Each structure stands twice: as C-alpha cells, then as structure tokens.
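Chains as they are written, first to last, in this note's numbering: chain L, 1 to 297; chain R, 298 to 594.
Down below is the structure, laid out as structure tokens.
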C-alpha cells in the first residue's frame, strides 16, 4: 500500500516502522524534525505538513492526540483531504468521542472518502512489535481497503460494526478501565508503602494474584524504577477520562470511579506532572502523605 | 501431615480436597452438615466444632470469613487451641487487619503454638486446582511446619517476612485492587451497554486490550451468563474494602478509589444483593439507569 501516517509519536512511529518493514510505501508526517529524521533514517519518507503528503495515497493512518488535531490534519487549512483520491480510506485512530467519529465519517463520505473508526490499544510495546489491538468500525469497503495496513500494525483487528461510532465507544470503555486501573494501582502501591510493604515484592505478589491488571503489570515498573519519562502522559488520561465523563454525562450515566480517577489525574497535573508518565499519578499520594517513592537516589 | 481445616466454604473445601488427594490426613470442620457430608463422601473426616478436631494435629488451616470467626475457632469456648500440641502451627488465611494478625500471633505464641499469617488469593478455581497464591509471613519454624500443607494447596507461596502482619498487609493491598477492579468492571460494562455496545463483544475486546484485569476476565462472564450464584459475594467486599478503609484511616491515608468502590458494594447490598455474586455490583447501575443486563430470559 501507498500509505501516509500522520502523527509520529509513540504509537505512530511504531506503526510507520512496521508498515515500512512489511514492504508498504510509507510517508510519515509530523511537525517535529526529530521524528521525521528518525523515520527517514529507517528508510521511509517524511513530510512536515499533511498537505505535503504524496498524491495518490491508498490510505492515511491518523495517530494524533485528540479530535481537534484529527479534524485539523484532515480538513484544516493544511489538511490532507484535498490530496486524497476518491475511495481512499482515512484510518482514524485517535481516542475521540463516538459522536465526533460519526460526524467525521459523514464529512469524509461527502468528500468521496472512506473512514475507519479505528482506535488502538497496546501501548508502546504493542506499537513497536506491530501487535496492537484495533477496535474498528466502518463500512465493509473501508475494512477491505485498510486491511493490509491493519495487518501490518495489529495482532488483532476487531470488526465492531458497519459505521463509525461503535469503535470509539468500545475504546472509551477501555480507557475508563485503563485510566482507573492506573490510578488504583498508584493508590494501592502507595498504601502498601505506607503500611510497610516492600514495593518490589508487592509488585511481584500482585502480578500473581487476583488484584492484577494489565496496567498494574505494565505501569508499576515505571514507579519502581523511578523513571517518569512518559510512555503515555498523565495529560492523556486527563483528556481520555474527560471524554469518558463527557459521554457518560450526555447519557445521564453516573460513573463515580472514572470521575474519582479523573480527579486524581487532575491532581497529578496540578502538581506539575501533566507531561510525566501516567503512573506518576502516585505523586498525589506522595504529596499528601509524604511516602518515599522507590527509585530515588 | 495430620491437619484440620476449619471452614469448608469455597476456599476451605478446595484446600481440604487437595490436601486429602495428596495423602495428608484431613479432618474438616464446618457447622453446615452439607459441607461435612461432601468432605466425608470424598473420603476425609469431618467434625462440627473446632473442639472436636482430633488431638495431635500438626496444623490447622483456617479459612473462615473474618477476624471474629478466626478468633472464635481458636480461642472461643469451642475453640481448638486447647487440643493443639505444643509447636503445632495455625495457618490463618482469613482476610483480616494486619494489627489483628499481629495480636493473634502473640496469643498463639503464648499458648506454645506457631502462627502463619497466610491470606490466600486465587478464587474458587485456584482453590479447586490447588493453585492458590499464599501471601505469608511468620517465623521460619512456622513456614517449615506448614510447608507440606502449603505445597498441597498453592502454586505459589510468598515468604513476606518473619512475623505476622505483613502477609495481611499485602493481602489488604490485593483486596483494594481486586474490589475496585470488580466495581470498575461493572461501571465500564454498564456504560458500554448504555452506549450501545454488545456486552459479549465488549468483554472479548477488553480481554485483549490494556483495560484488562484479572477480575474483568474472571467476573464479567458471570454477568454475561446472568448467573448471580456467588463465587464470592458482594458482602465479602463490603467487609474487605471496609478493612482496607479502616487501615487506611488509621494511617491517615486517603484512598478515594477504594472508598468509592466500597460505596458501590454497599449500594448493591442495600438493593438486596449482599449474598449475590460480587460482579452483580452492576445492579447499582441497572437500578440507576435502567440498562438491560445480559443473560435475562
């Protein structure tokens, strides 16, 4: 496939490299020169702005941060839609509100393009290994067109429905769980430390017990290592749990655990950790209780 | 080993059958005739009261519901302590406050007995398969004495320290996570249903995504099947999160997620579901939002 990847962050770079390795013709797009240079060094092409992507693309894979950016790279003044041939597919993988995904599909269809509402999960490791989970919905032709690209980046592609919206709905539920699991991992680890448990031993025990979660296993090591370099930042869950709560409110649906977790991520951001790794939501408890976090010299 | 098992519920029965199968001399103890009959049918012995356990036991394994019962079966009017020979070990596996475990150890030591503070995790499946996780602390002699019994019931025995307390501390952290994970699984599934997702598909997608947890994987199938027969009941988490919050309060430690989850289990109990499977904390959202739960005819 001749494919453009817009957004060369953790997820986009992983996807771009996998697509390139598997023989697709890849052009990345990112404002940051370092990201473009890294992709070019791997042998693929890169451009700064979406309206500089090559003509005749089969697909664009969009792995930007939020709905505003997704709208901008498609329909903004520097957007790529005018350069896409009829029948090309926009694989939209940012975490957005289901309603936004539905509106975007209508606009893309009106422009003669296909859309896949295709949020992803799997983190940096999944992106690098080409083993992400894709939660996708869209027209059968969109799935067909996007097939080889999805195969290159994902271990599992879920076909959740024949129009945009349900893909983002399922991703929203995943983010509710993922964000709350990170926050409660921090709460539990902090309580264990306060009560005198060894954090490393506690980590190992929980990994083999009923209290385990994907996030406990994946994020607690960041805390144990004292490494707050963001694999995914606190601000991502400020945003994603915000989307969850906006949607829940629109449905008059009470979500007390997601709301509490959101407040904890906001607390971590208020403490100046918005751009730090999301596991460092634990700094809320460090600030409140004075516990000593591991990994400090 | 010549061992008594006090409490033949889900966990105790699984442990007793595994000990019997692996050649130990097993006497179960439970007030309920049906539980005793089941153990006797499997070829082991059973008695109604702890003071009717055979003399000369090497160990008693206590798998009762709470601290009050644990105290009663050891030191109450019908307790077994007077019948235990010097140097026998009490393997105390109920979920209790760390402070209670420390006091119990002092009393048992004063009576010439050893104690292992040895809460377990792994659920019904782990108990039946003899593959529980044991989070244990106690004197080296207590570990030595209890060794063959633990080997028969557990896939993994954690040695967390040389006196009682830290075993129960680690279990408390596990229960904080486990309880909150069940409540947020219910919150997320309910929101997904409300937003139009197919609950069975949602379950499968999350199992392969970053939102997964041991509890999501283990408990959501109960909801999908509409089967509220308790593997573990709502009231167990009313109790266990209560222990977590009492301990946290004693440490002046704020635990907003555990506190919110506790309120949700209390809500489910208020609705009349205290004795139902803990996954049916989801009935809080059923009651509030009128969503249709799966598995109903």
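We put the CB at the ideal spot given by N, CA and C, even for glycine.
Computed from a predicted structure; not experimentally measured.
is_contact[residue 95/L, chain R] using C-beta, thresh 7 Å: Against the first chain, residue 95/L aligns to sequence position 95. Chain R contact via Cβ: absent.
Length-filtered (4 minimum) alpha helix (DSSP H) runs lying within the segment 312-343 of chain R: 330-338
Give me the subset of the segment 522-551 of chain R whose CB atoms are less than 8 Å from a CB atom of chain L, sorted by chain position. 541, 544, 545, 548, 549, 550, 551
Residues that residue 570/R contacts on chain L, provided the C-beta gap is smaller than 9 Å: To locate residue 570/R, count along the second chain from 1; it is residue 273. Under the 9 Å cutoff, chain L gives no residues; its nearest Cβ is about 17 Å from residue 570/R.
Residue 122/L versus chain R: which residues are under 7 Å apart at the beta carbon? Walking along the first chain from the start, residue 122/L turns up at place 122. Those are 507, listed as they occur along chain R.
For the segment 267-276 of chain L and the segment 494-512 of chain R, state whether three or more C-beta atom pairs, one from each stretch, are separated by less than 8 Å. no
With a CB to CB cut of under 6 Å and the five nearest residues on each side skipped, what residues in its chain are close to residue 154/L? The count along the first chain starts at 1 and reaches residue 154/L at position 154. Excluding residues within five positions, the ones whose Cβ falls inside 6 Å are 132, 134.
Does the CB of residue 219/L have a neighbour CB from chain R at under 7 Å? Indexing the first chain from 1 puts residue 219/L at position 219. Taking Cβ atoms only, chain R never reaches closer than 7 Å to residue 219/L, which makes this a no.
Are the CB atoms of residue 397/R and residue 443/R nearer to each other than 7 Å? The residue you call residue 397/R lines up with position 100 of the second chain. The residue you call residue 443/R lines up with position 146 of the second chain. Contact flag unset, no.
Could you give the first and the last residue of the continuous beta strand (DSSP E) run that contains residue 91/L? The residue given as residue 91/L occupies position 91 in the first chain. Element bounds for residue 91/L: 89-92.
Which residue from 61/L, 58/L, 174/L, 255/L puts its Cα closest to that of residue 123/L? Reading the first chain from its first residue, position 123 is the one you call residue 123/L. That would be 174/L, whose Cα lies nearest to the Cα of residue 123/L.
For residue 105/L, I'd like the list of residues in its chain whose CB is within less than 6 Å of its CB, leaving aside the five on either flank, ordered along the chain. For this step, residue 105/L is matched to residue 105 along the first chain. Cβ within range, chain order: 115, 164.
By the 10 Å Cβ neighbour count, where 16 or more other Cβ atoms means buried, how is residue 219/L classified, buried or exposed? For the purposes of this step, residue 219/L is identified with residue 219 of the first chain, where counting begins at 1. Its Cβ being crowded by 16 or more others within 10 Å, residue 219/L is buried.
Using the beta-carbon of each residue, which ones in chain L are nearer than 8 Å to residue 478/R? Taking the first residue of the second chain as position 1, residue 478/R is located at position 181. By Cβ distance, chain L contributes 181, 184, 211, 213.
How far does the beta strand (DSSP E) with residue 430/R in it reach, from first residue to last? In the second chain, counting from the first residue as 1, residue 430/R sits at position 133. Residues 429-435.
With 16 other CB atoms within 10 Å as the buried threshold, where does residue 543/R fall? Taking the second chain and counting its residues from 1, the one referred to as residue 543/R is at position 246. The residue is exposed, with fewer than 16 neighbouring Cβ atoms inside 10 Å.
Host alpha helix (DSSP H) of residue 563/R (start-end): Along the second chain, read from residue 1 onward, the residue named residue 563/R stands at position 266. Counting along the chain, the alpha helix (DSSP H) containing residue 563/R begins and ends at 553-565.
Three-state secondary structure (DSSP) at residue 156/L? Counted from its first residue, the first chain places residue 156/L at position 156. Here residue 156/L sits in strand by DSSP.
So is residue 152/L buried or exposed if we call it buried at 16+ other beta carbons inside 10 Å? Counted from its first residue, the first chain places residue 152/L at position 152. Buried, since its Cβ has 16 or more Cβ neighbours within 10 Å.
Could you check where the alpha helix (DSSP H) with residue 84/L kicks off and where it finishes? As a working note, residue 84/L is residue 84 in the first chain. Neither: residue 84/L is in no alpha helix (DSSP H) and is coded neither H nor E.
Contacts of residue 197/L in chain R (Cβ-Cβ under 7 Å): Along the first chain, one-based indexing puts residue 197/L at 197. Within chain R, the residues 463, 466, 467, 470 have their CB atoms less than 7 Å from the CB of residue 197/L, given in chain order.
Could you work out which residues of chain L lie near residue 430/R, taking near to mean beta carbons separated by less than 7 Å? If you number the second chain from 1, residue 430/R lands on position 133. Here the neighbours are 208, 209.
The alpha helix (DSSP H) spanning residue 273/L covers which residue range? Sequence index remark: in the first chain, residue 273/L carries index 273 (1-based). Neither: residue 273/L is in no alpha helix (DSSP H) and is coded neither H nor E.
In chain order, which continuous runs of the alpha helix (DSSP H) of length 4 or greater are located wholly inside the segment 164-225 of chain L? 166-194, 199-207, 214-224
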